[in-house]
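Enquirer: My questions will all concern the structure given below.
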Amino acid sequence: MPVSDPDFPIIRFTQRRLANGLRVIVAPDRLAPVVAINLWYAVGSRDERPGKTGFAHLFEHFMFQGSAHVAKAEHMAIVQGSGGVCNATTYFDRTNYYDTLPSNQLEVGLWLEADRMATLLDALNQVNLDNQREVVKNEKRQSYDNQPYGAFYERLMAAVFPDGHPYQHTPIGSMADLDAASLDDVREFFRAYYAPDGCVLSIVGDVDEEETFAAAERWFGPIPARTSPPAATMPKVAPHIGREVRETVPDAVPLVRIHFGFRTPPYGSAAFDALEIAGQILAGGKGSRLYRDLVRERRIAQDVTLFSLPLAGGASICAGWATVRPESDPAEVEAAFLAELERIVHEPVSDDELARARALIEAGELSALGRVEEVADRFGQFATLFDRPELINEQLPRYLNVDALAIQAVAADVFRADNRAVITFVPAGGGEAAA
Amino acid sequence: MTGLDILATRPGPAQPRAYHFPAFVRARLANGLTVITAHLPGRPLLAAHLHLEGGAGEEPSEMAGVSALLARALPEGTAHHDAVELVEAGERLGAELHAQVGWETLAVALDVPRRHFGPALALLAEMFLQPSFPGHEVDRLRDERMNDLLQAAAEPRRRVERAFAEAIYAPGVPYARLLGGDELTVPRLTREALVARHARFLDASSATLIVAGDLTGVPVVELAEAHLGEWPGVVRVGAPAVRPRLSDGPGSPRIVVVDRPGAPQSELRIGHVGVPRKIPDFHAVAVMSAILGGLFNSRLQRLLREERGYTYGISAGFDFRRSAGPFAVRSAVQTEVCAAAVMDILAELRRIREAPITADELRAAQDFLIGVFPLRFETAAQVVGAITGLVVHDLPDDELDRYRPAVAALDAGAVLAAALEHIHPDGLSIVMVGDAERVVPDLEAAGMGAIEVVRDGVREPPAGEG
Numbered sequence: 009m010p011v012s013d014p015d016f017p018i019i020r021f022t023q024r025r026l027a028n029g030l031r032v033i034v035a036p037d038r039l040a041p042v043v044a045i046n047l048w049y050a051v052g053s054r055d056e057r058p059g060k061t062g063f064a065h066l067f068e069h070f071m072f073q074g075s076a077h078v079a080k081a082e083h084m085a086i087v088q089g090s091g092g093v094c095n096a097t098t099y100f101d102r103t104n105y106y107d108t109l110p111s112n113q114l115e116v117g118l119w120l121e122a123d124r125m126a127t128l129l130d131a132l133n134q135v136n137l138d139n140q141r142e143v144v145k146n147e148k149r150q151s152y153d154n155q156p157y158g159a160f161y162e163r164l165m166a167a168v169f170p171d172g173h174p175y176q177h178t179p180i181g182s183m184a185d186l187d188a189a190s191l192d193d194v195r196e197f198f199r200a201y202y203a204p205d206g207c208v209l210s211i212v213g214d215v216d217e218e219e220t221f222a223a224a225e226r227w228f229g230p231i232p233a234r235t236s237p238p239a240a241t242m243p244k245v246a247p248h249i250g251r252e253v254r255e256t257v258p259d260a261v262p263l264v265r266i267h268f269g270f271r272t273p274p275y276g277s278a279a280f281d282a283l284e285i286a287g288q289i290l291a292g293g294k295g296s297r298l299y300r301d302l303v304r305e306r307r308i309a310q311d312v313t314l315f316s317l318p319l320a321g322g323a324s325i326c327a328g329w330a331t332v333r334p335e336s337d338p339a340e341v342e343a344a345f346l347a348e349l350e351r352i353v354h355e356p357v358s359d360d361e362l363a364r365a366r367a368l369i370e371a372g373e374l375s376a377l378g379r380v381e382e383v384a385d386r387f388g389q390f391a392t393l394f395d396r397p398e399l400i401n402e403q404l405p406r407y408l409n410v411d412a413l414a415i416q417a418v419a420a421d422v423f424r425a426d427n428r429a430v431i432t433f434v435p436a437g438g439g440e441a442a443a
Numbered sequence: 382m383t384g385l386d387i388l389a390t391r392p393g394p395a396q397p398r399a400y401h402f403p404a405f406v407r408a409r410l411a412n413g414l415t416v417i418t419a420h421l422p423g424r425p426l427l428a429a430h431l432h433l434e435g436g437a438g439e440e441p442s443e444m445a446g447v448s449a450l451l452a453r454a455l456p457e458g459t460a461h462h463d464a465v466e467l468v469e470a471g472e473r474l475g476a477e478l479h480a481q482v483g484w485e486t487l488a489v490a491l492d493v494p495r496r497h498f499g500p501a502l503a504l505l506a507e508m509f510l511q512p513s514f515p516g517h518e519v520d521r522l523r524d525e526r527m528n529d530l531l532q533a534a535a536e537p538r539r540r541v542e543r544a545f546a547e548a549i550y551a552p553g554v555p556y557a558r559l560l561g562g563d564e565l566t567v568p569r570l571t572r573e574a575l576v577a578r579h580a581r582f583l584d585a586s587s588a589t590l591i592v593a594g595d596l597t598g599v600p601v602v603e604l605a606e607a608h609l610g611e612w613p614g615v616v617r618v619g620a621p622a623v624r625p626r627l628s629d630g631p632g633s634p635r636i637v638v639v640d641r642p643g644a645p646q647s648e649l650r651i652g653h654v655g656v657p658r659k660i661p662d663f664h665a666v667a668v669m670s671a672i673l674g675g676l677f678n679s680r681l682q683r684l685l686r687e688e689r690g691y692t693y694g695i696s697a698g699f700d701f702r703r704s705a706g707p708f709a710v711r712s713a714v715q716t717e718v719c720a721a722a723v724m725d726i727l728a729e730l731r732r733i734r735e736a737p738i739t740a741d742e743l744r745a746a747q748d749f750l751i752g753v754f755p756l757r758f759e760t761a762a763q764v765v766g767a768i769t770g771l772v773v774h775d776l777p778d779d780e781l782d783r784y785r786p787a788v789a790a791l792d793a794g795a796v797l798a799a800a801l802e803h804i805h806p807d808g809l810s811i812v813m814v815g816d817a818e819r820v821v822p823d824l825e826a827a828g829m830g831a832i833e834v835v836r837d838g839v840r841e842p843p844a845g846e847g
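Here the protein sequences come in this chain order: A and B.
Every position in the first sequence, counted from 1, becomes a number in this note's numbering once 8 is added.
Every position in the second sequence, counted from 1, becomes a number in this note's numbering once 381 is added.
Here it is as structure tokens:
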């Protein structure tokens, strides 16, 4: 099925590889005087070894602690002083760094990124390590430990992936492991993963293509490649969990929430595309099946959700939840949730449901591709995970090509009783929740 | 490493490309509805706001939350379609359509690909002008709000915002309430209450439709005339009604700890009643709060995160409303260092008034606010949001183009004057959700005044020293 909106953009870009292995992607877009610079380093929490969890993320914090020509916290200061914004995130498959700047500040952004890629270790010291370790611990406390249901993510990943699998722990990692991190660990990690041949640099926005490639060569060209890059080591994993995992977690929560997790085909596969459309039909907004049945009509759930994470390493996860209304029976909510998943396995979705899902996904993609920061990030993603930046123009047609049969097939494969984790958070102390 | 020497020299900026906030034009329909359009070539995803005067601030206090529930109930049925039909019709257009209420205004918001703008606007008009508020859907939404209040009490960030608003404002001030209503008022919000509340918004002459995006071939004014030109109900043509300014009086400074036993962090708010949006020194306040707690390297962030490691992040700022919204320092700090963090914050709130603003600080804040300006208006929705702000606050059309010169013209004296005028160290309330057993003794030892501890909704008498 072709893209139906004549306004949908085709994003034109050029890709080149520097002699040191750095892949550079440039996509001029002159609409606004803005440029997005994005670096995907091919390292994430999946590359961490036992006893060293959380390290990729802790390392990301060091990237803002200075390098040979940039003082501690000065990266952010220079970007903001240039009228830009920047940040970084660590995920299972990668770590990304991004700066969005007025387009006349392109070179400043490239210089900042090149300086820390080349010379981070020059500025490394124990004071910064200790400080950022505390900051990261506070990040974990704020985002997980002090939030109702905050442990669900860790528990779902641990339940859906087998012991020792790289996806079994989340990027925030273990605080005990962080306590054990040393300066030598940081140095070793940097040398192993932070190098031009482990990175994709994407530049999208109000720039001249040739000048931008020249600038990338100028700033990044002198940085040497790694002598011995670590081999990617994603173990093979069975397509299904092989049993139903059930856990009950007492927590300081007022309402019972039932979390579901399923092992799925990896991000990037056609089956995963179909699973995303299934997720839209099942839980994507107020027209979706789960919302209509559990929230609107039967009124047994306060809210429902279902989504899949974009993990490319051999398998991924589809996760969802239903928050149980106080007067409702959690068992009934669980059964109703699973019954909707069962129904999509056995009955084809209607043409109208499919058309609505496609229209929403098309509008969502139109929104995403209207922002230079998102376009640059997608180039990094597609180039890093699949070696195919051209997927930026293929993703929407792939979604639109998903048909009712493909949805049924992936649903039958994923939504199986022997492939699910059901983790139920219940109010601690027999219904009394903390304030 | 040869070649890397180049990194020793930081490059300068190139010549900046000129930027102006997108031009917009006004039209007025016969019924008094104002239509504002901003043509943004190359932005095929359009955004629209139907802006209505009158928000949650003008509700009677015993009916708090009625406007918010009204906003949630608008898409739940009309004279012609039930809720599911409306939802599905919107989805077929790839439209995102919802209503949202503020303290002073109600907005019905639409994002839709431009080729579907006409039918989507028709849907928006039907939703807003002919809602049926089916009783069984209103009942459900009311139950959901009650459940949401249970959830909010368990979420430190939502719980502390509620306690903070109650602490800084005088009793009875609208801003002290929950926008969505509370446990006492929500059960009163019947279908009849929504119908009565809805009638108060039906004044075309004080309403504005704002549309932005690539409008080539999209006859916005004609479509508005077709779908919103026949406005049933009270239509006042001519000067819009003048609405009274909401009261915004402060309460007495308090220290409140909402107990969350075992909490690893204290979710913290320190502040007082701030200032309205329409003040002469708005730009100086923006620069001052950027230096204090807006920039990544703000004074607060440098000290509490980068030096002390007490927190993942800390910010300070003013919430600009028509009347005086809150000024707040916001952070989540580790339980063990909570009292020390509070002392550091209080010291910085004194220092912003006492120590000079350095030339570097001033330049960093100005360069950021001026440079980042074009980044704030990349999408049609962002442009509509900014124009809506002009309408809400009755600001001149050139306000946004005046922003950068106004920020550039400030000197350190003007910024310090803004701090002296608008930061009140003697009027601060300190409010947190945290483990009272562990943080209260530390706060007392640090010499804090009388501390109120809230447990399970029960307020204990102040236990600390005065």
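Yeah, the Cβ is synthetic: ideal placement off N, Cα and C, and Gly gets one too.
As the structure is a computational prediction, the values presented were derived from the model and not from experiment.
1) Starting from A/GLU370, find everything on chain D with Cβ-Cβ shorter than 7 Å and list it in chain order.
2) Would you verify that the beta carbon of A/PRO243 is, or is not, closer than 9 Å to some beta carbon of chain B?
3) On the three-state DSSP scale, how would you describe A/PHE268?
4) Check whether chain A comes within 9 Å of B/ARG543, counting only Cβ atoms and requiring the distance to be less than that.
5) Rounded to a whole number of angstroms, what is the C-alpha to C-alpha distance between A/ALA441 and A/PRO262?
6) Please report the straight-line C-alpha distance between A/ALA420 and B/PRO403, rounded to a whole angstrom.
7) How far does the alpha helix (DSSP H) with A/TYR49 in it extend, from its first residue to its last?
8) Closest to B/ALA503 by C-alpha separation, out of B/LEU431, B/GLU440, B/ILE549 and B/THR566, would be which residue?
9) Pull out every residue of the stretch 502-533 of chain B whose Cβ sits closer than 7 Å to any Cβ of chain A, in chain order.
10) So with CB distances below 9 Å, who are the chain B contacts of A/TRP119?
11) Should the stretch 380-398 of chain A be called in touch with the stretch 323-340 of chain A, which here means at least 3 C-beta pairs below 8 Å?
12) Are the C-beta of B/LEU455 and some C-beta of chain A separated by less than 9 Å?
13) In the stretch 486-556 of chain B, which residue ranges form an unbroken alpha helix (DSSP H) of at least 4 residues, counting only runs that do not cross its ends?
14) If B/PHE639 and B/ILE832 are in contact, beta carbons under 8 Å, what's the gap, nearest whole angstrom?
15) Rank B/VAL489, B/SER633 and B/LEU474 by C-alpha distance to the C-alpha of B/TYR550 and give the top, closest one.
16) Closest by CA to A/SER210, which one among A/ARG31, A/ASP411, A/ALA286 and A/PRO17?
17) State the start and end residues of the unbroken alpha helix (DSSP H) segment that holds A/ILE415.
18) From the DSSP output, in three-state form, read off A/ILE33 for me.
19) Can the beta-carbon of B/VAL812 be found closer than 9 Å to that of B/ALA548?
20) Taking the alpha-carbon positions, what's the B/PRO397 to B/GLY794 distance?
21) With B/GLY436 and B/GLU485 assumed to form a contact (beta carbons below 8 Å), what rounded beta-carbon distance in angstroms separates them?
22) Please tell me whether A/VAL34 has its Cβ less than 9 Å away from any Cβ of chain B.
23) What does DSSP give as the partner residue(s) for A/ASP259 in the beta ladder?
24) Taking the CB atoms as reference points, tell me whether A/PHE345 and A/PRO156 lie closer together than 9 Å.
25) Quick check on this structure: which residue in B/GLU735, B/VAL710, B/ILE733 and B/ARG734 has the alpha carbon closest to the alpha carbon of B/VAL723?
26) Report yes or no: is there a C-beta of chain A within less than 9 Å of the C-beta of B/ASN678?
27) Which of the three DSSP states, helix, strand or coil, is assigned to A/TYR175?
28) From this set, A/LEU368, A/VAL353 and A/TYR106, which residue's C-alpha is nearest A/ASP360's C-alpha?
29) So if I threshold CB-CB distances at 7 Å, which residues from the stretch 744-764 of chain B count as touching chain A?
30) How big is the Cα-Cα spacing for A/MET84 and B/GLY652?
31) When the distance is taken between beta carbons, is A/TYR275 closer than 9 Å to A/LEU393?
32) What does DSSP give as the partner residue(s) for B/PRO707 in the beta ladder?
33) Could you name each continuous alpha helix (DSSP H) segment of 4 residues or more that falls completely within the stretch 293-381 of chain A, going from the start of the chain to the end?
34) Taking a Cβ distance cut-off of 9 Å, strictly less, list which residues of the stretch 470-499 of chain B are near chain A, in chain order.
35) Do we get a CB-CB distance below 9 Å when we pair B/PRO645 with the residues of chain A?
36) Starting from the beta carbon of B/THR692, find every residue of chain A whose beta carbon is closer than 7 Å, and list them in chain order.
Expert: Let's see:
1) Absent from the structure: chain D. Protein chains present are A and B.
2) Along the first sequence, one-based indexing puts residue 243 of chain A at 235. Chain B, which has no Cβ nearer than 9 Å to the Cβ of A/PRO243, makes this no.
3) Indexing the first sequence from 1 puts residue 268 of chain A at position 260. Here A/PHE268 sits in strand by DSSP.
4) Residue numbering aside, residue 543 of chain B sits at position 162 when the second sequence is read from its first letter. No - not a single Cβ of chain A is within 9 Å of the one on B/ARG543.
5) Locating residue 441 of chain A in the first sequence gives position 433, counting from the first residue. Locating residue 262 of chain A in the first sequence gives position 254, counting from the first residue. In this prediction, A/ALA441 scores a pLDDT of 40, lower than 50, which makes its location untrustworthy; the coordinate-derived value is nonetheless stated afterwards. Roughly 5 Å between the two C-alpha positions.
6) Start at 1 with the first residue of the first sequence, and residue 420 of chain A comes out as number 412. Start at 1 with the first residue of the second sequence, and residue 403 of chain B comes out as number 22. Taking the straight line joining both Cα atoms gives about 50 Å.
7) Here residue 49 of chain A corresponds to residue number 41 of the first sequence, with the count starting at 1. Segment 42-49 is the beta strand (DSSP E) holding A/TYR49; no alpha helix (DSSP H) there.
8) Reading the second sequence from its first residue, position 122 is the one you call residue 503 of chain B. B/ALA503 has its Cα closest to that of B/LEU431, out of B/LEU431, B/GLU440, B/ILE549 and B/THR566.
9) ARG521, GLU525, ASN528, LEU531 and GLN532
10) In the first sequence, counting from the first residue as 1, residue 119 of chain A sits at position 111. Chain B residues near A/TRP119: ILE387, LEU388, THR390, ARG391 and PRO392.
11) no
12) The residue labelled residue 455 of chain B in the question sits at position 74 within the second sequence. B/LEU455 does not count as touching chain A.
13) 498-510, 516-535 and 537-549
14) Counting from one through the second sequence, the residue named residue 639 of chain B turns up at place 258. Counting from one through the second sequence, the residue named residue 832 of chain B turns up at place 451. According to the sequence as given, residue 639 of chain B is Val; it is not Phe. The Cβ separation is near 11 Å, so there is no contact.
15) Numbered from its first residue, the second sequence carries residue 550 of chain B at position 169. The residue with the shortest Cα to Cα distance from B/TYR550 is B/SER633.
16) As a first step, residue 210 of chain A is located in the first sequence; it is residue number 202 there, counting from the start. Ranking A/ARG31, A/ASP411, A/ALA286 and A/PRO17 by Cα distance to A/SER210 puts A/ARG31 first.
17) Residue mapping note: residue 415 of chain A aligns to position 407 of the first sequence, counting from 1. For A/ILE415, the enclosing alpha helix (DSSP H) covers residues 412-422.
18) Here residue 33 of chain A is taken as the residue at index 25 of the first sequence, counted from 1. Strand at A/ILE33.
19) Mapped onto the second sequence, residue 812 of chain B falls at position 431. Mapped onto the second sequence, residue 548 of chain B falls at position 167. Yes, they are a contact pair.
20) By one-based count along the second sequence, residue 397 of chain B stands at place 16. By one-based count along the second sequence, residue 794 of chain B stands at place 413. Whole-angstrom Cα-Cα distance: 28 Å.
21) As a position in the second sequence, residue 436 of chain B is number 55, starting the count at 1. As a position in the second sequence, residue 485 of chain B is number 104, starting the count at 1. About 4 Å separates the two Cβ atoms, so the contact holds.
22) Taking the first residue of the first sequence as position 1, residue 34 of chain A is located at position 26. By this cut-off, A/VAL34 is not an interface position.
23) Reading the first sequence from its first residue, position 251 is the one you call residue 259 of chain A. Beta-bridge pairing links A/ASP259 to A/PRO435.
24) For the purposes of this step, residue 345 of chain A is taken as residue 337 along the first sequence, with counting starting at 1. For the purposes of this step, residue 156 of chain A is taken as residue 148 along the first sequence, with counting starting at 1. Result no, Cβ atoms of A/PHE345 and A/PRO156 do not sit closer than 9 Å.
25) For the purposes of this step, residue 723 of chain B is identified with residue 342 of the second sequence, where counting begins at 1. Taking only the C-alpha atoms, the option nearest B/VAL723 is B/VAL710.
26) The sequence position of residue 678 of chain B within the second sequence is 297, counting from 1. By this cut-off, B/ASN678 is an interface position.
27) The residue labelled residue 175 of chain A in the question sits at position 167 within the first sequence. Three-state result, A/TYR175: helix.
28) Sequence index remark: in the first sequence, residue 360 of chain A carries index 352 (1-based). Out of A/LEU368, A/VAL353 and A/TYR106, the CA that lies nearest to the CA of A/ASP360 is found in A/LEU368.
29) ALA745, ASP748, PHE749, ILE751, GLY752, VAL753, PRO755, LEU756, GLU759 and THR760
30) Stepping through the first sequence from its first residue, residue 84 of chain A is reached at position 76. Stepping through the second sequence from its first residue, residue 652 of chain B is reached at position 271. Computed Cα separation, rounded: 26 Å.
31) As a working note, residue 393 of chain A is residue 385 in the first sequence. As a working note, residue 275 of chain A is residue 267 in the first sequence. Yes, the pair counts as a contact, with Cβ atoms nearer than the cut-off.
32) Taking the first residue of the second sequence as 1, we reach residue 707 of chain B at position 326. Beta-bridge partners assigned by DSSP to B/PRO707: B/VAL654.
33) 338-354 and 359-376
34) Identification of residues in the stretch 470-499 of chain B having a C-beta nearer than 9 Å to some C-beta of chain A yields GLY471, GLU472, ARG473, LEU474, GLY475, ALA476, GLU477, ASP492, VAL493, PRO494, ARG495, ARG496 and HIS497, given in sequence order.
35) Counting from one through the second sequence, the residue named residue 645 of chain B turns up at place 264. Cβ-Cβ to chain A under 9 Å: yes for B/PRO645.
36) The residue labelled residue 692 of chain B in the question sits at position 311 within the second sequence. The answer, in chain order, is ASN146.
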